[in-house]
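Residue numbers (our numbering): 135 to 307. We put the beta carbon where it would ideally sit given N, CA and C, even for glycine. Comments concern the structure below.
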């Protein structure tokens, strides 16, 4: 149902953009200029409902590129036993959009020193998706809504490659 509502909203928006383009184009005398201006107005109006998301995309991409990198010293982590520390989510803003960053930190079981860290990022959508209220997560319509380091399932090969042993927090004394 929410997909139908979204398609209906886009259909209405296309009609509004076409009407505005036609009205603005009517102010010009020559047929080719009227047509050119109408096309430009129509094309400029199409992305407006998700403009806040499109404007936030470069900043979010940069944040993801920098924040999701695994931070560790290969020499320091080799052969250690690690556990996951509790991460406290932090809010952030990218343009007019808000999101949450969850820090992931793995510490040595004996020294409690953080050996591996990275962040995962989640982004809420712009004005249109929040106004429609059709998404449980308010995910953006025009850009990705989350980022994390590499693909899922990276931990096991990483642990094996670096001779790490992972234990649950409850097992750490």
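With 16 other Cβ atoms within 10 Å as the buried cut-off, status of residue i
i           : result
residue 186 : buried
residue 228 : buried
residue 197 : buried
residue 149 : exposed
Nonlocal neighbours in the same chain, by C-beta distance under 8 Å from residue i, ignoring five residues either side
i           : result
residue 203 : 252, 283
residue 208 : 296
residue 239 : 218, 219, 221, 248, 250, 251
residue 143 : 183, 262, 266
Residue i vs residue j beta-carbon contact at 8 Å
i           : j           : result
residue 257 : residue 274 : yes
residue 259 : residue 230 : no
residue 217 : residue 254 : no
residue 176 : residue 161 : no
residue 245 : residue 299 : no
residue 188 : residue 181 : yes
Reference residue i; option with closest CA among the options
i           : options            : result
residue 308 : 201, 261, 183      : The shown model of the chain, from 135 to 307, leaves out residue 308, and the question about it has no answer.
residue 179 : 158, 167, 192, 164 : 158
residue 191 : 281, 169, 141, 300 : 281
residue 271 : 291, 232, 238      : 232
Contacting residues, own chain, Cβ-Cβ under 7 Å from residue i (five flanking each side not counted)
i           : result
residue 212 : 296, 297
residue 210 : 249
residue 276 : 184, 187, 188
residue 170 : none
Rounded C-alpha distance that separates residue i from residue j
i           : j           : result
residue 115 : residue 164 : Past the edges of the chain, shown from 135 to 307, lies residue 115, and the structure says nothing about it.
residue 267 : residue 279 : 16 Å
residue 154 : residue 168 : 13 Å
residue 304 : residue 200 : 31 Å
residue 137 : residue 269 : 10 Å
residue 288 : residue 141 : 37 Å
residue 172 : residue 263 : 27 Å
residue 193 : residue 139 : 29 Å
residue 156 : residue 237 : 51 Å
residue 226 : residue 166 : 47 Å
residue 241 : residue 195 : 28 Å
residue 223 : residue 291 : 26 Å
Same chain, Cβ closer than 6 Å to residue i, neighbours up to 5 away in sequence not counted
i           : result
residue 205 : 251
Short CB-CB distance (under 8 Å) between residue i and chain D
i           : result
residue 301 : Looking for chain D here will not work: only one protein chain is present.
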